[in-house]
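Chains as they are written, first to last, in numbering that gives the first Met the number 0: chain A, 0 to 460; chain B, 0 to 239. Ideal placement from N, C-alpha and C gives every residue a C-beta, glycine not left out.
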Amino acid sequence: MATNAPIPGGSSEIPPITPSPPIIPETPSEISASSNSLQPPPSSSDTDFIYIPSYSRWFSWTGINECETRSLPEFFNSRSSSKSPRVYLYLRNSIIKQYRDEHPNKISFTDVRRTLVGDVVTIRRVFDFLDSWGLINYSSSASARPLRWDDKEAVASEAPSTVKESKAKRICSACKQICSVACFASEKHELTLCARCYVRGNYRIGINASEFKRVELSEESKTGWSEKETLLLLEAVMHYGDDWKKVAPHVTGRTEKECVSQFVKLPFGEQFAKDSDSEDGLETFDQIKGSVDPESEGRVKDGSSSPDNKRMKLTPLADASNPIMAQAAFLSALAGTKVAEAAARAAVTALSDVDYEAGKNTGGDPNRQEINCNDSERAVAEAKSLIEKEEKEVEGAIREIVEVEMMKIRDRIVHFEKLDLEIERSRKQLEDMKNLLFTDQLNIFFHTRRSRKAEDRAESS
Amino acid sequence: MKGSGSTGWKGPVKFRMPTAENLVPIRLDIQYEGQRYKDAFTWNPSDPDNEIVIFARRTVKDLKLPQAFITQISQSIQSQLADFRAYEGQDMYTGEKIIPIKLDLRVNQTLIKDQFLWDLNNFESDPEEFARTLCKDLGVEDPEVGPAVAFAIREQLYEIAVQSVSSARESRLSKKSRRGSDYGSASKASGLSMDLVKLFSFKSSVVRKRKDLDFYEPMVDLLTNEEVDALEAREERHAR
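In structure tokens, the structure reads:
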């Protein structure tokens, strides 16, 4: 560790396993501030700063967060007397301290388990928990993986799959991951960032966000689809329909994703979408025959195929749980975007007109009167409801604070009761011992008396 | 809760580790293809058995041992756990036993010698807590000492518990009267145990005799590398 910052007063109550001064490179607040906001070149700064991911910001040396109680309930359900929160704190803090001493080397479970007092399976669970939350063995190059839950299998499968992907892809200079979707490149600083890093701001301080140019990493950046490939694609889709796993090998040299994206991009491609309607099936077959050359003819067909375009876009909303929305989506899809827009607008104005008219024809209808309020009145009502909401929130917060205080007091009471019990127990033991002593003393007394009497008798005789 | 401090006959208790946490001490010493793996740790017998393989795999991965160790480690742990579980159904008489526990271990460069009395009847005892406090109080810097101390204590407690199970069985078989079994437990035991009554008899005071003071004091030694090597060589010679 290069730096050796002093521990501030608040976090000084660490139950140390060794009395040697623990080297804490940074206070917890500093750590969370520097997490994910800076990405200096890893060579020099890794030894100075310890990074933890932003979703682990809750960590504090002296406190236990709700997610910890949720993930490791064995320490908090008081089912066993030696698995208390205090023990958990001891295990957790010693593991993290040990990791930070070893940083930037990673620590293994066996290193940790050898130095901690406790049964190994429990230690392993705490270790895994800390590992998955990035509080130990966290390297910034893995920051693009939001690994919140114990998802080790997913991680293990992720790693090899990214390696297997095609080699000629751009790599993000921040998170060292392959950029697939969209890139942000800055010529000035020669940086390439994937979308996630760009959004998170994982670049050096000196760079402005506006200096990045968005680069679409679709098939245009690569070879581009030749006629042959498109033909193969269409054939494959015709045969296998939606089964992209089978389509991909048919189209030699393209992964599933590329096939799908290219297919979607084809102007007439949507007609191959699986329709339950057999008529449409025949239609699509005709249109395949008629348009083997995608580049030129496809564009000509653009206008006529726009209604078919919409059928593809039907799918997102079609399975909406709300049947009315599904109907509306279906109809709007059939009608086309412009028409749907106009219709929606008309519907909205019609509704507001209805309201307005209803307001005009109020007469003595109380329901209508309620509906009839001006814009200003409506704003006032909204403001009032907002205020009420805020008040409720504040009340809720105060309630929570009071509850927490109560819990603290309750805990203290429990602790004192325990101490009391202990004292009671030892007192009882002492009393029993006293009684024993007393009986023994009585015995002695009688014995000595008897022996003295015997002596006297012996002397006298 | 049984009343403590009475010298009366204590009923048999179902076998378990006489500590707050029913943890089993596990010792591993596996040799394979010239590589030797020695380890000692505590295991919770109520953990599911699949944890054994997970632990074995983890350890082999961390220590970069050959894959064959996984099965060997799991088998060893399994058999020790099975032994423990075999005792679990049986009774043990603990009697009024305060036993001296001896520590004489070397962990890396730290040598610890200690002897202290342990109440076998205190089922709330916590060797882990004791080990933690011991290391903290003695200023032991090596963090591996704590678990080794806790393990040593646990091992001795386990042995004595096993002995008390066998002594209980013997006394039952010998058809002695009930009171006989009580004396049996007090006198038949390893000879190291002391009766509570005798210890606090009117003859002696609670304060320890001077000659015992040295025995009961903890001693911590830090060895240099050469001494460590010398000791290790001697141990290996003894082992063979």
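In the DSSP annotation of this structure, the continuous segment of the beta strand (DSSP E) that includes residue 23 of chain B starts and ends at 23 to 31.
Against chain A, the CB of residue 149 of chain B has a partner CB under 8 angstroms away; the residue lies at that interface. Ranked by Cα distance from residue 140 of chain B, the first of B/60, B/34, B/219 is B/219. Cβ-Cβ separation between residue 40 of chain B and residue 150 of chain B: approximately 7 angstroms, consistent with a contact (criterion under 8 angstroms).
Identification of chain A residues near residue 65 of chain B by a Cβ-Cβ cut-off of 7 angstroms yields none; the smallest Cβ-Cβ distance measures about 15 angstroms. Counting only Cβ-Cβ distances below 8 angstroms, residue 42 of chain B has contacts in chain A at 118, 119, 120, in chain order.
Assignment of residue 236 of chain B by DSSP, reduced to helix, strand and coil, places it in the helix class. By the CB criterion at 8 angstroms, residue 325 of chain A and residue 331 of chain A fall outside the cutoff. Proximity to residue 145 of chain B across B/156, B/131, B/158, B/136 peaks at B/131, based on C-alpha coordinates. Taking a C-beta distance under 8 angstroms as the contact criterion, residue 51 of chain B and residue 77 of chain B qualify as a contact pair. Against chain A, a Cβ distance below 8 angstroms from residue 54 of chain B picks out 119, 120, 123. Residue state for residue 265 of chain A is assigned as coil, using DSSP reduced to three classes.
Where residue 72 of chain B is concerned, the enclosing alpha helix (DSSP H) starts and stops at 67 to 87. For the region 66 to 82 of chain B, the beta-carbon criterion of a distance under 7 angstroms to any beta-carbon of chain A is satisfied by none of its residues. Look at residue 145 of chain B: its C-beta is under 8 angstroms from a C-beta on chain A. When C-beta distances to chain B are compared with 8 angstroms, the residues of the region 89 to 115 of chain A below that value are 89, 93, 97, 107, 108, 109, 110, 112, 113, 114, 115, in chain order. Linking residue 131 of chain A to residue 49 of chain B through their CA atoms gives a straight-line distance of about 21 angstroms. DSSP, read as helix, strand or coil, puts residue 125 of chain B in coil.
Inclusion of residue 64 of chain B and residue 34 of chain B in the CB contact set at 8 angstroms is warranted, their separation being smaller than that value. Cα atoms of residue 57 of chain A and residue 109 of chain A: separation of roughly 27 angstroms, rounded to the nearest angstrom. Listed along the chain, the chain A residues whose CB falls inside 8 angstroms of the CB of residue 130 of chain B are 116. Residue 127 of chain B reaches chain A at 81, 86, 116, 117, 118, counting residues in chain order whose Cβ is nearer than 9 angstroms. Under the 8 angstroms criterion on CB atoms, residue 50 of chain B is classed as interfacial with respect to chain A.
Residue environment for residue 47 of chain B: exposed (fewer than 16 other C-beta atoms within 10 angstroms of its C-beta). By DSSP's assignment, residue 42 of chain B forms a beta bridge with B/23. By the neighbour-count definition (other C-beta atoms within 10 Å, threshold 16), residue 444 of chain A is an exposed residue.
Per DSSP, reduced to three states, the secondary structure at residue 164 of chain B is helical.
If you ignore the 5 residues before and after residue 125 of chain A, its C-beta comes within less than 8 angstroms of the C-beta of 71, 87, 90, 91, 94, all in its own chain and listed in chain order.
Going by C-alpha positions, residue 448 of chain A is about 42 angstroms away from residue 216 of chain B.
For residue 133 of chain B, there are no C-beta contacts with chain A under 9 angstroms, since the nearest C-beta of that chain is about 10 angstroms from it. Any Cβ of chain A closer than 8 angstroms to the Cβ of residue 22 of chain B would place that residue at the interface, and such an atom is present. In the DSSP secondary-structure assignment, residue 60 of chain A is not bridged to any residue. Judged by DSSP in its simplified three-state form, residue 241 of chain A adopts coil rather than helix or strand. As the crow flies, the alpha-carbon of residue 66 of chain B is around 49 angstroms from that of residue 227 of chain A. With at least 16 other beta carbons inside 10 angstroms of its own, residue 133 of chain A counts as buried.
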